[in-house]
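S.K.:
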Amino acid sequence: RLFEIRFVIYQKKFFMKFINNLITQLTPFFFYLVGGILAIQGQISVGALVAALAAYKDIAAPWKELLTYYNQVQDMSLRWDVVTERFAPRSMIDERLIDNPPETIPRLKGDIALKDVTVTDQDGNVVLEDITLDVPAGSRLAVEGGTVAERAAFAGLLTREITPTRGRIEIGGRDLATMHQAVIAARVGYAHSQPYLFDGTLGQNLLMPFGLSPKAPEDDSWASSRAGIEAARSGNSPDPLQSDWLDPSLGDYADRDEVGSGWFKLIQAIGQDDEIIRRALQLRISPDQHPELTRAVVSLRDEVHKRIVEKGLDDVVFRFDPDVFNPAVPLGGNLLFAAPRQPMPSEGLTQARLFRDLLHREGLTLEALNIGQSVIDTLHQTFGHDGIDHPLFRRVGLDPELYRQLVDIVGRRRSGGDDALTDDDKLLMMTVPYSLTAEQIGPGFTDRVKEKIIKVRKAHSHGLSDVMKDLFIPVEPDVYLPRLTVEENALYGRVSIHAGARADEVEDVVAEVLTDEGLRWRIARLIFDLPTGMGGANLPKTLQERAAFSRAALKRPDILVFDRVLESHDSAARAAARTNLRELLPEATMIFMERKFRHPGEYDLVIQLKDGRIDGATSRPEAGDDTGSEEFRHKLRAIAGTSLFSRLDTRNQRLLAFSASWYRARPGKVIFRAGQTADAVYLCVSGKAELRWPDAEPGDKPITIIEPGRLIGDLAIIERANRVMDLVAVEKTRFLRIGAEEFRDVIEADPTVAVALLETVAGHLSALVSFMDSRGVDVKRIISEGNGDTLHEMSYDAEDA
Numbered sequence: 007r008l009f010e011i012r013f014v015i016y017q018k019k020f021f022m023k024f025i026n027n028l029i030t031q032l033t034p035f036f037f038y039l040v041g042g043i044l045a046i047q048g049q050i051s052v053g054a055l056v057a058a059l060a061a062y063k064d065i066a067a068p069w070k071e072l073l074t075y076y077n078q079v080q081d082m083s084l085r086w087d088v089v090t091e092r093f094a095p096r097s098m099i100d101e102r103l104i105d106n107p108p109e110t111i112p113r114l115k116g117d118i119a120l121k122d123v124t125v126t127d128q129d130g131n132v133v134l135e136d137i138t139l140d141v142p143a144g145s146r147l148a149v150e151g152g153t154v155a156e157r158a159a160f161a162g163l164l165t166r167e168i169t170p171t172r173g174r175i176e177i178g179g180r181d182l183a184t185m186h187q188a189v190i191a192a193r194v195g196y197a198h199s200q201p202y203l204f205d206g207t208l209g210q211n212l213l214m215p216f217g218l219s220p221k222a223p224e225d226d227s228w229a230s231s232r233a234g235i236e237a238a239r240s241g242n243s244p245d246p247l248q249s250d251w252l253d254p255s256l257g258d259y260a261d262r263d264e265v266g267s268g269w270f271k272l273i274q275a276i277g278q279d280d281e282i283i284r285r286a287l288q289l290r291i292s293p294d295q296h297p298e299l300t301r302a303v304v305s306l307r308d309e310v311h312k313r314i315v316e317k318g319l320d321d322v323v324f325r326f327d328p329d330v331f332n333p334a335v336p337l338g339g340n341l342l343f344a345a346p347r348q349p350m351p352s353e354g355l356t357q358a359r360l361f362r363d364l365l366h367r368e369g370l371t372l373e374a375l376n377i378g379q380s381v382i383d384t385l386h387q388t389f390g391h392d393g394i395d396h397p398l399f400r401r402v403g404l405d406p407e408l409y410r411q412l413v414d415i416v417g418r419r420r421s422g423g424d425d426a427l428t429d430d431d432k433l434l435m436m437t438v439p440y441s442l443t444a445e446q447i448g449p450g451f452t453d454r455v456k457e458k459i460i461k462v463r464k465a466h467s468h469g470l471s472d473v474m475k476d477l478f479i480p481v482e483p484d485v486y487l488p489r490l491t492v493e494e495n496a497l498y499g500r501v502s503i504h505a506g507a508r509a510d511e512v513e514d515v516v517a518e519v520l521t522d523e524g525l526r527w528r529i530a531r532l533i534f535d536l537p538t539g540m541g542g543a544n545l546p547k548t549l550q551e552r553a554a555f556s557r558a559a560l561k562r563p564d565i566l567v568f569d570r571v572l573e574s575h576d577s578a579a580r581a582a583a584r585t586n587l588r589e590l591l592p593e594a595t596m597i598f599m600e601r602k603f604r605h606p607g608e609y610d611l612v613i614q615l616k617d618g619r620i621d622g623a624t625s626r627p628e629a630g631d632d633t634g635s636e637e638f639r640h641k642l643r644a645i646a647g648t649s650l651f652s653r654l655d656t657r658n659q660r661l662l663a664f665s666a667s668w669y670r671a672r673p674g675k676v677i678f679r680a681g682q683t684a685d686a687v688y689l690c691v692s693g694k695a696e697l698r699w700p701d702a703e704p705g706d707k708p709i710t711i712i713e714p715g716r717l718i719g720d721l722a723i724i725e726r727a728n729r730v731m732d733l734v735a736v737e738k739t740r741f742l743r744i745g746a747e748e749f750r751d752v753i754e755a756d757p758t759v760a761v762a763l764l765e766t767v768a769g770h771l772s773a774l775v776s777f778m779d780s781r782g783v784d785v786k787r788i789i790s791e792g793n794g795d796t797l798h799e800m801s802y803d804a805e806d807a
């Protein structure tokens with residue numbers, strides 16, 4: 007069949023070529039035929055015929071240009087239609103509600119009313135349907151259940167990120183669709199469990215809600231400058247780059263400092279101020295930008311050391327001492343008894359021939375080369391050529407390009423000895439000890455080398471410091487060292503990398519001293535300078551969630567919408583955050599969305615989302631409703647409502663729903679038995695089933711009970727093992743059956759699902775061990791005796807623990 011189709015295509019193709027060639031040659035043929043006849047008859051001269059033929063030959067080029075122009079016009083017209091269709095959807099907000107913000111931003115105090123609201127996605131599928139809801143002003147609403155898409159749509163309605171397909175939303179009697187975007191941006195706050203942070207600093211992201219428009223400059227010099235005139239003529243923004251966009255009055259703050267104080271109160275509300283202080287202590291700050299704080303830290307060094315000694319932690323803190331080698335400081339710092347002013351440039355060290363001559367004179371050249379080779383050999387065996395993107399390699403602090411050069415140099419030295427290296431190669435290898443500490447290098451850094459370094463320091467440190475003063479700053483008790491962290495400056499030393507948990511105790515002592523001196527808020531404020539990276543890549547998930555929480559609440563909005571906010575925190579911290587937030591914003595209307603609320607009685611109003619509707623609402627059948635499409639949407643909602651699959655993107659959820667099938671079981675039916683091949687996973691949608699041991703008798707207690715929302719049979723598929731238990735329906739039950747291959751494809755294609763499964767397995771095993779320990783089972787004895795099969799079987803389902 008495919009051959010026949012291809013044959014037809016070739017026939018049409020060559021027929022079109024024939025037609026094209028025929029048309030091309032037909033015109034000159036008629037010129038010769040008709041012209042020749044007319045010339046024979048004497049009605050036209052031969053010269054006129056030749057001139058006509060020459061004119062026809064020259065007309066081909068402009069004709070082709072005309073055709074090319076026509077094709078370009080049609081192509082650009084089609085592209086224009088595609089672009090306008092994508093960027094001008096039917097639900098696009100009127101540009102008058104975006105441009106020219108009002109001079110005063112009114113408050114949005116009043117009841118929230120959703121009237122017959124329906125939302126569809128870009129494919130026309132219904133996400134929310136016939137939502138009618140009244141939320142009193144200042145109340146706390148709990149929205150329970152629903153899929154990720156349904157909750158996102160509900161939140162998007164209130165922030166006007168999504169416009170309803172049908173229905174109307176009013177706030178205080180005003181139609182949300184007619185409000186200016188600046189009003190919504192300032193008076194509605196939104197945060198969810200997976201926030202997006204822009205590349206920049208944490209402070210820029212937190213203060214973003216206060217930057218609706220720049221403040222007018224005191225003079226008009228920018229508008230009349232060359233840059234301002236060029237910006238206006240080219241259609242770029244006429245606002246000066248140096249403009250101050252921060253407007254504290256949007257949140258009823260007096261100035262920037264009061265905004266920062268409000269942020270710290272929010273951090274205290276969620277009980278994370280201690281962790282923020284800890285993170286701020288690990289930052290590097292410049293004395294030029296924070297002169298008062300750096301002076302205060304330096305003045306507390308003696309007090310910090312006193313408390314470190316009192317706590318018995320001085321054995322894990324290597325304090326700076328001019329007469330003692332410091333194993334937590336690189337070789338360059340030990341030689342000079344100085345700290346770098348900026349990140350150490352390898353090219354700057356290569357140009358410093360004085361170091362090479364000094365090492366050679368003191369007999370340290372060979373040791374430095376051997377140390378460098380030993381370190382590079384270890385790194386090469388660990389990371390190879392392709393592992394330089396690994397976080398562990400980045401912690402070493404070695405430039406990737408320098409690392410590649412050193413690997414090549416070490417290879418040449420191993421095969422040809424020192425004679426195979428140039429002077430620059432040797433000096434480049436000597437830079438390795440300048441980047442790493444003796445603790446990092448390990449046994450390769452011998453006591454003999456350390457003694458020689460102290461000898462060199464005492465004899466030449468002053469001369470070396472004068473030569474390298476642009477790269478190093480002397481280590482002195484009254485000098486703040488910008489390349490060290492705040493904690494290290496307070497300690498006037500460094501913590502051993504082998505300190506383990508005791509490093510946290512050292513951190514606690516430093517934080518305690520700074521708090522006693524009233525520096526807690528000023529230290530926490532340093533977190534504003536923390537680089538976020540693209541999408542918050544430099545920050546852990548917990549800090550990203552706190553940033554989203556505080557960014558939404560910092561502007562003191564009238565309406566707050568939280569979709570599973572602070573998800574990575576424990577339930578106690580989340581509950582405390584909600585309670586404390588009410589004290590900070592007593593008049594705000596707060597909407598919390600979760601899959602399940604443990605204490606719904608704490609909220610003024612509780613609703614449940616189910617299948618895109620408020621639970622309990624009836625749906626009216628619509629003409630032309632497609633039963634197949636409705637069944638697909640039902641499967642999609644069931645998959646999206648599962649904690650494991652909710653992390654998938656919409657496309658993968660749809661593919662999984664397409665491959666899944668319904669499985670119905672009557673009471674007493676065995677869904678699968680022990681020993682059978684694991685050919686599918688089962689997602690319970692309704693009813694109840696029990697997981698039983700193969701030899702269980704009637705009336706025996708089941709291993710666990712399978713209820714709606716529970717996925718069962720996944721571990722056996724991952725391990726490609728047979729079933730070890732029986733799954734039996736105890737009432738009329740309906741499952742969504744997902745084939746083993748389809749389930750495994752999803753795991754292999756989406757890392758988030760694989761990580762979620764790993765977390766689930768780890769949680770089951772931890773719960774199992776705790777359960778066995780509470781029942782008096784000697785787990786250690788079982789493991790020591792090699793009886794792992796028991797644990798293996800029981801790990802298939804430990805949720806019952």
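Going by this note's numbering, the sequence shown opens with residue 7, and the numbers climb by one from there. We put the CB at the ideal spot given by N, CA and C, even for glycine. A quick note: this is a predicted structure, and the numbers were derived from the prediction, not measured.
1. Alpha carbon to alpha carbon, how far is Pro563 from Leu213?
2. Please give me, in chain order, every unbroken run of the alpha helix (DSSP H) with length at least 4 that falls completely inside the stretch 240-309.
3. My output table needs one value for Pro328: the three-state DSSP class, helix, strand or coil.
4. Let me check understanding here. Comparing Cα to Cα, which of Leu642, Phe216, Glu264 and Leu306 lies closest to Phe664?
5. Out of curiosity, what's the CA-to-CA distance linking Asp140 and Phe204?
6. How far does the beta strand (DSSP E) with Gly151 in it extend, from its first residue to its last?
7. Count the CB pairs spanning the stretch 412-429 and the stretch 288-304 that are closer than 8 Å, and state whether there are at least three.
8. On the DSSP bridge list, what partners appear for Leu742?
9. Give every residue of the same chain whose Cβ lies closer than 8 Å to the Cβ of Thr491, excluding the five residues on either side of it in the sequence, and list them in chain order.
10. The beta strand (DSSP E) spanning Lys198 covers which residue range?
11. From Leu372, Ala722 and Ala229, pick the residue whose C-alpha is nearest to that of Gly681; which is it?
12. Taking Cβ to Cβ, would you say Leu566 is nearer than 8 Å to Met599?
13. Kindly indicate which three-state DSSP category Thr33 falls into: helix, strand or coil?
14. Exposed or buried, what is Gln278 when buried is set at 16 or more other beta-carbons lying within 10 Å of its beta-carbon?
15. Tell whether a beta-carbon distance below 8 Å holds between Ile479 and Val438.
16. If you follow the alpha helix (DSSP H) that Trp65 is in, where does it begin and where does it stop?
17. Between Cys690 and Phe651, how many whole angstroms is the CB-CB distance? I'm expecting something under 8 Å.
18. Would Ala155 and Val133 qualify as a contact pair, given that the criterion is a beta-carbon distance under 8 Å?
19. So the beta strand (DSSP E) Thr710 belongs to, where does it begin and stop?
20. I believe Val315 touches Val501 by the beta-carbon criterion, under 8 Å. Please report the beta-carbon distance rounded to the nearest angstrom.
21. Starting from Arg557, trace the alpha helix (DSSP H) in both directions and tell me its first and last residue.
22. Cα-Cα, which of Ala191, Pro170, Ala67 and Thr443 is closest to Ala183?
23. So what does Arg570 bridge to, in DSSP terms?
24. Taking 8 Å as the CB-CB limit, is Ala237 close to chain B?
25. Taking the continuous beta strand (DSSP E) assigned at Ala821, which residues delimit it?
26. Ordered along the chain, which non-local residues of its own chain (more than five positions away) have a Cβ less than 7 Å from that of Gly266?
27. Just list the alpha helix (DSSP H) runs in the stretch 161-237, keeping only unbroken ones of 4 residues or longer that don't cross its boundaries, in chain order.
28. DSSP on Leu697, reduced to helix/strand/coil?
29. Touch check for the stretch 326-341 and the stretch 414-430: three-plus C-beta pairs under 8 Å?
30. Assuming Pro1 is part of the alpha helix (DSSP H), what are its boundary residues?
31. Whose C-alpha, out of Gln614, Ser556 and His605, is nearest the C-alpha of Leu587?
32. Within the continuous beta strand (DSSP E) that includes Thr452, where are the two ends?
33. Please identify the residue among Arg262, Glu457 and Glu373 whose C-alpha is closest to the C-alpha of Pro333.
34. Is Ala666 closer than 8 Å to Arg743 when the C-beta atoms are compared?
35. In angstroms, rounded to a whole number, what distance separates the CA positions of Leu385 and Asp261?
36. How would you label Tyr688, buried or exposed, when you count the other beta carbons within 10 angstroms and need 16 or more for buried?
M.R.: To lay it out plainly:
1. Cα-Cα distance, rounded: 14 Å.
2. 262-275, 279-287 and 297-305
3. coil
4. Leu642
5. 35 Å
6. Arg146 to Gly151 is the span of the beta strand (DSSP E), which, as asked, contains Gly151.
7. no
8. Trp668 and Leu689
9. Hits under 8 Å: Leu287, Gln288, Leu289 and Arg290.
10. It should be noted that the sequence gives His, not Lys, for residue 198. It spans Val194 to His198 - the beta strand (DSSP E) in which His198 sits, taken as one unbroken run.
11. Ala722
12. no
13. helix
14. buried
15. no
16. Note that residue 65 corresponds to Ile in the displayed sequence, not to Trp. Premise fails: Ile65 is in no alpha helix (DSSP H) and is neither H nor E.
17. So it is not a contact: roughly 13 Å between Cβ atoms.
18. yes
19. Thr710 to Ile712
20. With a Cβ gap of about 15 Å, Val315 and Val501 do not count as contacting.
21. Lys547 to Leu560
22. Pro170
23. Answer by DSSP bridge pairing: none, since Arg570 is not bridged.
24. Of the protein chains in this structure there is only one, and it is not chain B.
25. Outside the modelled stretch of the chain, which goes from 7 to 807, sits residue 821, for which no answer is possible.
26. Arg531
27. 187-193, 208-212 and 227-230
28. strand
29. no
30. The first residue shown for the chain is 7 and the last is 807, placing residue 1 beyond what the model contains.
31. Ser556
32. Per DSSP, Thr452 lies in no beta strand (DSSP E) segment and is marked neither H nor E.
33. Glu457
34. yes
35. 51 Å
36. buried
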